[in-house]
Every structure is written in C-alpha cells, then in structure tokens.
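Trainee: Sharing a structure with you now.
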Amino acid sequence: MEFDKDSLLKLGKLSKIKIDDDKLSSLSADLGSILKFIDRLQSIETDNVDPTSNSLDQSLVMRDDIALDENSATEILENAPDKELDFFSVPKVIE
Amino acid sequence: MKAGLNLIEASVLLENNETSSVELTKIYLDNINKGKELNCYNTVSFEEALKEAESSDKRRREKKSKSRFDGIPIGIKDLFCTKNIKTTASSKILSNFVPTYESTASQNCLNAGLISLGKLNCDEFAMGSTNKTSYFGSVINPWKSKNSDAHLVPGGSSGGSAAAVAADLCIASLGTDTGGSIRQPASFTGTVGLKPTYGRVSRWGIVAFASSLDQAGPITKTVEDAAALFEIISGYDSKDSTSSIKQKENFYDNLNSSVKGMKIGVPKEFKSDDLPTSTQKAWDDCKKLLQENGAELIDISLPHTMDALPTYYIIAPAEASSNLARYDGVKYGIRENGKNLIEMYEETRSIGFGDEVKRRILIGTYVLSSGYYDAYYIKAQKVRSLIKSDFNEAFKRVDAILTPSTPSTAFEIENEPKDPVQTYLNDIFTVPVNLAGIPAISVPFANDENNLPIGLQLITNSFEEQKLLNIAKNVQDTINYTPNLDKWWIK
Numbered sequence: 001m002e003f004d005k006d007s008l009l010k011l012g013k014l015s016k017i018k019i020d021d022d023k024l025s026s027l028s029a030d031l032g033s034i035l036k037f038i039d040r041l042q043s044i045e046t047d048n049v050d051p052t053s054n055s056l057d058q059s060l061v062m063r064d065d066i067a068l069d070e071n072s073a074t075e076i077l078e079n080a081p082d083k084e085l086d087f088f089s090v091p092k093v094i095e
Numbered sequence: 001m002k003a004g005l006n007l008i009e010a011s012v013l014l015e016n017n018e019t020s021s022v023e024l025t026k027i028y029l030d031n032i033n034k035g036k037e038l039n040c041y042n043t044v045s046f047e048e049a050l051k052e053a054e055s056s057d058k059r060r061r062e063k064k065s066k067s068r069f070d071g072i073p074i075g076i077k078d079l080f081c082t083k084n085i086k087t088t089a090s091s092k093i094l095s096n097f098v099p100t101y102e103s104t105a106s107q108n109c110l111n112a113g114l115i116s117l118g119k120l121n122c123d124e125f126a127m128g129s130t131n132k133t134s135y136f137g138s139v140i141n142p143w144k145s146k147n148s149d150a151h152l153v154p155g156g157s158s159g160g161s162a163a164a165v166a167a168d169l170c171i172a173s174l175g176t177d178t179g180g181s182i183r184q185p186a187s188f189t190g191t192v193g194l195k196p197t198y199g200r201v202s203r204w205g206i207v208a209f210a211s212s213l214d215q216a217g218p219i220t221k222t223v224e225d226a227a228a229l230f231e232i233i234s235g236y237d238s239k240d241s242t243s244s245i246k247q248k249e250n251f252y253d254n255l256n257s258s259v260k261g262m263k264i265g266v267p268k269e270f271k272s273d274d275l276p277t278s279t280q281k282a283w284d285d286c287k288k289l290l291q292e293n294g295a296e297l298i299d300i301s302l303p304h305t306m307d308a309l310p311t312y313y314i315i316a317p318a319e320a321s322s323n324l325a326r327y328d329g330v331k332y333g334i335r336e337n338g339k340n341l342i343e344m345y346e347e348t349r350s351i352g353f354g355d356e357v358k359r360r361i362l363i364g365t366y367v368l369s370s371g372y373y374d375a376y377y378i379k380a381q382k383v384r385s386l387i388k389s390d391f392n393e394a395f396k397r398v399d400a401i402l403t404p405s406t407p408s409t410a411f412e413i414e415n416e417p418k419d420p421v422q423t424y425l426n427d428i429f430t431v432p433v434n435l436a437g438i439p440a441i442s443v444p445f446a447n448d449e450n451n452l453p454i455g456l457q458l459i460t461n462s463f464e465e466q467k468l469l470n471i472a473k474n475v476q477d478t479i480n481y482t483p484n485l486d487k488w489w490i491k
C-alpha cells in the first residue's frame, strides 16, 4: 500500500516540511505501511465509548497568577538564530 | 573502590567518609572518557560536575548535606532542559540550544545534591526504540552476544540513559517513557527502569513529544535505587497543570519485599508463539517464583492489548505534530535560509528533523486534518478508553500484572527492519501502560542463550508505585541477578 503522492506533498505543505523528490517514493511507502497498520482500529466497536484525552483522573490545577522575574528577553534572545534590538527577526513577510 | 556502585552503596561510602564526591565524580568522568565508543553522552559537563562535587564535599564536611545522596554523580537524558547546558533532544534542529531554565525533575535532583555528569544520548525527540534516530549517532549497547562481535542496539528512546548505567558511565540516570522508552532500553541492558503514573513527575522543562503520554522516571542498577531516585524527582509542581496533587511518598524507606497474599495477573493476550523460548521461560520462572514466595497467580484478560499499538501510533504522532510545530527557525535552534518566511520554515524543518520525526509529524498532521480527525484521532481516543477500562477491570481482581518487557532481547544495530511498523512492534508490551497512564517497571530477570539480558515487566494501578517497587524488590532479591558484563570497550 502506498500513500498517494499528491496527498503527501499537501501534508508536507501543512506540516511546513519540504519533501524532496528523491524521498517521495520511500516516504510514501512508509506512510502507506503506517496507515494500513493504524487502519486496524476501524473494525473496533466504539459507538457508546467516550474518548480519553488524558489518563489522569484530576481536573486541571490552576496556579496563582504571580509575576516572577525570570526568563529575561536578553537571555531568551541568546538562542535566537537572528535578532534585531529586542526582537526575533524573520525574512520579510510583506513585499 | 569496587566498580559498578549503585546509588545506595555510594551513599553509604560517602556517609562513612570512605570516598568523596570529587573522587566519585572523577572515577565516573574517567569511565565516560574510556567509554566514548558507546556514544552514551551528547554533552559531558566535566568542569561543572567537578565544581559541584567540590561544593558537595564542602557541604558534607560542614554537615549541611542536601540529602543522603548529596554528591552522587548521575546522567540526564538530553530531553530535560538544563540551565546553561546544551539540550538538544538529539536533534539537529536543537543542536545549538542552551536553555535559560532547569526542568523540574532535574532541578529536584540538584536540590538533593546529585551531580550531573552530562546529557545522555537518545532517539531524536524520544521517537524510536533503537536509539538509531539520534542526530548524534546510535548509542552502542555495552552487552554483546556471546556468539558475535556485532554491535547491538541499547533500545530506545532512553538508550543512552540505560547503556550508561549498565556500563558504569554514571551511577543512575533520568529517562522518559512515552511508549516504553524507559522500560525497553532497561530490558535490553540488564538495568531497572521505572515508568511512574502519569502526573507523578512534573513534565515541566522536558522537551515535549506526546504530552498526554510522556512521563519521566529513573533507570538504575537496583530496585532500591529506582525507589530512591523516583522519590527525589516526584511530587506536585505548579508549573505542570497535569501534575498530580497527591502527597510525595517515601518510596525508599517504605520498601517491603513481601508478596504474601498478593494476586498477580497474567494476561492471556501477551502469550504468543513468536515469543523467544528464553523470554517465555523467564516469564514462567518468575510466575513460579512469585507463587513460591506466597503470591497467587490469576489468569486475566486485557482484550484490547493488540489495539494499543495502532492507537498509540495515532495519538502520539498527533500530539507530536502539534508539539513540534514550535521548531520553526525563529526563536531557537537552527535556521536554514529561504526566500520568504514560509520557505524558511520549510527548509529549516526539512533539514533540522530526521526521517522518523518527519514521518511522525506527517502522520500526526494527517490524522488531525479535516475529514480524518473523527475517523482516526477521536477513534483512537475512544479505543484508549477501552484499553484503560481493561486495566481497571483487571485491577479489581489483581494487585499487579506480570508480562515480559519486550518481545525480544537486544538486536544488531545493522539489523533494524526497513519497514517502520516492524520497529514499532518492539513496544507492543509497554505501550498499553502509557495509554492507561499507570505505572510499570522493567526488572532484569535472566540472560538468554546468547548471554543477553531479559527484562520482565510488572504493572500496577495508578499511584500504586510502592506496591510495584515492593513486588519488583521481591523478584530482584529472590533471583539475585548479577550482570556478567564484559567491558570490551576498555582496551
């Protein structure tokens, strides 16, 4: 089973991952195999079953909203690939 | 000093002034140097570790030790953010990332005075069962088959964490387990690996893979060490909204290895003709052992066991595709230039992620996309409920469940199947536990005919880690498994 190549390229666009032509075929076979595997679930009867998104039987705990003086902009920007003044810098968005 | 100390032994030596933290740290840094070929560490903190060891010795002299384990050197999986120390998740995309903060679990270790020797290699973003997906190359299992000189996988994703403990490149380590990533490598390396209940250990500051499944835990030489390190890292953390508010427990002090009157479940769905004879024998021997020690064996059924793996391979990639959207070449990590913003994203992510990570992001995006969301993602969440309910039913009848940890022992690095689904099958016994959010431990039980370790898995209900550790200690103390590991990498 192969994953349709046009759909694969569309997925690449959605995921912001460029898929090179030489990888298209092997990736399509891999995804096809994974899809066939996960398709097994379709035969399981789940009509009256609620979905589980999290296994912890506890409501989410809110913490107090207290301002802390940590993670300064200067420190955080140390990891930025490109920066200007106190900002992250990216390629031009509007022509 | 004898080689291969465990956490408890080291703490006694330190307490009796028979060694110092500096001496211990130097020994382990030297071991790391000699064991470079095993590729366990992505980053070694030579200077920082020695500096911390000196401070620890000073504290001990002044009777101000932070805990009884103050000064003991450990290793940390390269998935835990460590302040001012490179944290890469074994990915090219984060290969230059230096966090400005410390994860809660590793901070808890520092608060107890433990010394970090450095960051342990793992599968890229913890996605893998062989450690082969690491951008920094495979970790090599310190174990070799007695019939071959070929290098073996240490398992994954916490392959570096497990191999380093087995090879004495640290005394204990931290790993993470999303679908078996602590238990499977522990099983492949003759070490003890504990995956706690979801919520027991804070996920704050751990590079996220699948947030509803990820859980940090210890990899150690003994069950006692696992109890001690688990006790150190666990506890409520206000920074993690899924952190459990349950009281921290004294797992180490409360260890009690009696299994008298306990009911141990043996699930019929885990039986298979494909199971190697030696693994089947280990499993049978352990059942007998527990029975002889006073436990009662009960046949149980977990009907949705075989549905767990496909469920996992929908939920985990779905969550991963969302979590990994943050790696875009803007805020941290590497950037690859493009003509415009979108092209920059695509180039950066294409070059920064390895093949397995890309596969999972693509599958995750697919199952979450409009038109497939209900058919895959919601369907998988419903099957997850069925899997959880299987365990709930079982725990009405039994205290714990006993299974093999893995369907095979460690295999050759070069022998990984080409089809990713075949590799996914490594986690067939461990994945159901993550979906249910319950705790489990892998304990080394015996070696197979090639002298490779076989691990067995014990599972209990949520928050019953004390019972889990107690049963594991009973097994450990009865068999007295001693790894006869030949340190071939020391020339």
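Line order of the protein sequences matches chains A and D.
Number 95 marks the last residue of the first sequence (the working numbering); no jumps.
Number 491 marks the last residue of the second sequence (the working numbering); no jumps.
Glycine included, every Cβ here is placed at the ideal spot set by N, Cα and C.
Because the structure is a prediction, the values reported are computed rather than measured.
(1) Let me know the secondary structure DSSP gives D/V433 once reduced to three states.
(2) Since A/S28 meets chain D, which of its residues come closer than 9 Å, beta carbon to beta carbon?
(3) Can you grab the Cα-Cα spacing for the pair D/A164 / D/D374, in whole Å?
(4) Is the stretch 327-341 of chain D close to the stretch 397-407 of chain D, with three or more CB pairs under 8 Å?
(5) Are D/V192 and D/K221 close, meaning C-beta to C-beta below 8 Å?
(6) Could you tell me the alpha carbon to alpha carbon distance between D/S241 and A/I66, rounded to whole angstroms?
(7) How about D/D390: is its C-beta nearer than 8 Å to some C-beta of chain A?
(8) Is there a C-beta anywhere in chain A that falls below 8 Å from the one on D/Y373?
(9) Is D/C109 near D/S158, with beta carbons less than 8 Å apart?
(10) Between the C-alpha atoms of A/F88 and D/G4, what's the straight-line distance to the nearest angstrom?
(11) So, for D/L152: in the same chain, excluding its five sequence neighbours on each side, which residues have a beta-carbon less than 8 Å away from its beta-carbon?
(12) Just grab the DSSP bridge partners of D/Y366 for me.
(13) Does A/S25 come within less than 8 Å of chain D when only Cβ atoms are used?
(14) Out of curiosity, what's the CA-to-CA distance linking D/S389 and D/S244?
(15) Residues of chain D with a CB under 8 Å from the CB of A/A80: which are they?
(16) Just checking: is the beta-carbon of A/E84 within a distance shorter than 8 Å of some beta-carbon in chain D?
(17) Counting Cβ pairs closer than 8 Å, one from the stretch 351-366 of chain D and one from the stretch 39-50 of chain A, do we hit at least three?
(18) With a floor of 3 residues, list each beta strand (DSSP E) that falls wholly inside the stretch 34-62 of chain D, ordered by position along the chain.
(19) Could you give the distance in angstroms between the alpha-carbon of D/P276 and the alpha-carbon of D/S408?
(20) Would you give the residue range spanned by the beta strand (DSSP E) that D/T403 belongs to?
(21) Any C-beta of chain A sitting closer than 8 Å to the C-beta of D/P196?
(22) A/I94: which of D/K491, D/N340 and D/P417 sits nearest, CA to CA?
(23) Could you have a look at D/Q476 and say whether DSSP puts it in helix, strand or coil?
(24) In whole angstroms, give me the CA-to-CA distance for D/F45 and D/E296.
(25) So A/K5 contacts chain D; which residues on that side make the cut at Cβ distance below 7 Å?
(26) Determine the contact status of D/T130 and D/P267, defining contact as a CB-CB distance below 8 Å.
(27) Pick out whichever of D/G199, D/D149, D/Y135 and D/S138 has its Cα sitting closest to the Cα of A/S59.
(28) When the cut-off is 8 Å and only beta carbons count, does A/D21 lie next to chain D?
(29) Ignoring anything shorter than 3 residues or poking outside the stretch 90-144 of chain D, list the beta strand (DSSP E) runs there in chain order.
(30) Report the rounded CA-to-CA distance for D/W489 versus D/C40, giving the unit in angstroms.
(31) Quick check on the DSSP output: the alpha helix (DSSP H) that includes D/P218 runs from which residue to which?
(32) Any beta-carbon of chain C closer than 8 Å to the one on A/D50?
(33) What separation, rounded to the nearest whole angstrom, lies between the Cα atoms of D/T19 and D/K473?
(34) To be precise: take each residue of the stretch 299-322 of chain D, compare its Cβ to all Cβ atoms of chain A, and keep it if any distance is under 7 Å. Which residues remain?
(35) How about D/L197 and D/P439: do their beta carbons lie closer than 8 Å?
(36) Answer yes or no: do D/G338 and D/E346 have a C-beta to C-beta separation smaller than 8 Å?
Mentor: The relevant details are as follows:
(1) Taking the first residue of the second sequence as position 1, residue 433 of chain D is located at position 433. Helix, per DSSP.
(2) Walking along the first sequence from the start, residue 28 of chain A turns up at place 28. In chain order: nothing, as chain D lies at least about 10 Å away.
(3) Along the second sequence, read from residue 1 onward, the residue named residue 164 of chain D stands at position 164. Along the second sequence, read from residue 1 onward, the residue named residue 374 of chain D stands at position 374. Each residue's Cα considered, the two are about 43 Å apart.
(4) No: the two stretches stay apart, fewer than three of their Cβ pairs being nearer than 8 Å.
(5) For this step, residue 192 of chain D is matched to residue 192 along the second sequence. For this step, residue 221 of chain D is matched to residue 221 along the second sequence. Less than 8 Å divides the Cβ of D/V192 from the Cβ of D/K221.
(6) For the purposes of this step, residue 241 of chain D is identified with residue 241 of the second sequence, where counting begins at 1. For the purposes of this step, residue 66 of chain A is identified with residue 66 of the first sequence, where counting begins at 1. Those two C-alpha atoms are separated by around 15 Å.
(7) Along the second sequence, one-based indexing puts residue 390 of chain D at 390. No, its Cβ sits nowhere closer than 8 Å to a Cβ of chain A.
(8) Stepping through the second sequence from its first residue, residue 373 of chain D is reached at position 373. Not closer than 8 Å to any Cβ of chain A, the Cβ of D/Y373 fails to qualify, so no.
(9) Locating residue 109 of chain D in the second sequence gives position 109, counting from the first residue. Locating residue 158 of chain D in the second sequence gives position 158, counting from the first residue. No, they are not a contact pair.
(10) What you label residue 88 of chain A is simply residue 88 of the first sequence in a count that begins at 1. What you label residue 4 of chain D is simply residue 4 of the second sequence in a count that begins at 1. Roughly 48 Å between the two C-alpha positions.
(11) As a position in the second sequence, residue 152 of chain D is number 152, starting the count at 1. Counting only Cβ-Cβ distances below 8 Å, and skipping sequence neighbours, we find I140, N141, W143, K144, S145, F188, A410, F411, E412, I413 and L452.
(12) Stepping through the second sequence from its first residue, residue 366 of chain D is reached at position 366. Paired residues: none, contrary to the question.
(13) Within the first sequence, the letter at position 25 stands for residue 25 of chain A. No, A/S25 lies away from the interface with chain D (no Cβ there is under 8 Å from its Cβ).
(14) Taking the second sequence and counting its residues from 1, one reaches residue 389 of chain D at position 389. Taking the second sequence and counting its residues from 1, one reaches residue 244 of chain D at position 244. Cα to Cα, D/S389 sits roughly 20 Å from D/S244.
(15) Here residue 80 of chain A refers to the residue found at position 80 of the first sequence. Near A/A80 (Cβ distances below 8 Å), the residues of chain D are V330, K331 and Y332.
(16) Numbered from its first residue, the first sequence carries residue 84 of chain A at position 84. Chain D, which has no Cβ nearer than 8 Å to the Cβ of A/E84, makes this no.
(17) no
(18) Counting only runs of 3 or more, we get 41-44.
(19) For this step, residue 276 of chain D is matched to residue 276 along the second sequence. For this step, residue 408 of chain D is matched to residue 408 along the second sequence. Distance between the alpha carbons of D/P276 and D/S408: 7 Å.
(20) Position 403 of the second sequence, counted from the first residue, corresponds to residue 403 of chain D. D/T403 -> beta strand (DSSP E) spans A400 to P404.
(21) Here residue 196 of chain D refers to the residue found at position 196 when the second sequence is read from its first residue. No, D/P196 lies away from the interface with chain A (no Cβ there is under 8 Å from its Cβ).
(22) Stepping through the first sequence from its first residue, residue 94 of chain A is reached at position 94. Per the Cα distances, D/N340.
(23) Taking the first residue of the second sequence as position 1, residue 476 of chain D is located at position 476. In the structure shown, D/Q476 adopts helical secondary structure according to DSSP, grouped into three states.
(24) Along the second sequence, read from residue 1 onward, the residue named residue 45 of chain D stands at position 45. Along the second sequence, read from residue 1 onward, the residue named residue 296 of chain D stands at position 296. Here residue 45 of chain D turns out to be Ser, not Phe, going by the sequence shown. Approximately 48 Å, taken between the alpha carbons.
(25) Indexing the first sequence from 1 puts residue 5 of chain A at position 5. Neighbours of A/K5 on chain D: none; closest Cβ ~13 Å, over 7 Å.
(26) Translated into the one-based positions of the second sequence, residue 130 of chain D becomes position 130. Translated into the one-based positions of the second sequence, residue 267 of chain D becomes position 267. No, the Cβ-Cβ distance between D/T130 and D/P267 is not below 8 Å.
(27) On the first sequence, position 59 is the one that residue 59 of chain A refers to. Taking only the C-alpha atoms, the option nearest A/S59 is D/G199.
(28) Looking up residue 21 of chain A in the first sequence gives position 21. Chain D, which has no Cβ nearer than 8 Å to the Cβ of A/D21, makes this no.
(29) Entirely contained in the stretch 90-144 of chain D, the beta strand (DSSP E) runs reaching 3 residues are, in chain order, 115-120.
(30) The residue you call residue 489 of chain D lines up with position 489 of the second sequence. The residue you call residue 40 of chain D lines up with position 40 of the second sequence. Cα to Cα, the separation comes out at about 13 Å.
(31) Taking the first residue of the second sequence as position 1, residue 218 of chain D is located at position 218. Looking at the DSSP string, D/P218 is not in any alpha helix (DSSP H); the run it does join, the beta strand (DSSP E), is Q215 to T220.
(32) Reference to chain C is not applicable here, since the protein chains of this structure are A and D.
(33) Stepping through the second sequence from its first residue, residue 19 of chain D is reached at position 19. Stepping through the second sequence from its first residue, residue 473 of chain D is reached at position 473. Distance between the alpha carbons of D/T19 and D/K473 is about 27 Å.
(34) Residues of the stretch 299-322 of chain D whose Cβ lies closer than 7 Å to any Cβ of chain A, in chain order: D307, P310, T311, Y313, I314 and S321.
(35) Here residue 197 of chain D refers to the residue found at position 197 of the second sequence. Here residue 439 of chain D refers to the residue found at position 439 of the second sequence. Correcting the residue identity first, residue 197 of chain D is Thr in this sequence and not Leu. Yes, the Cβ-Cβ distance between D/T197 and D/P439 is below 8 Å.
(36) Sequence index remark: in the second sequence, residue 338 of chain D carries index 338 (1-based). Sequence index remark: in the second sequence, residue 346 of chain D carries index 346 (1-based). Yes, they are a contact pair.
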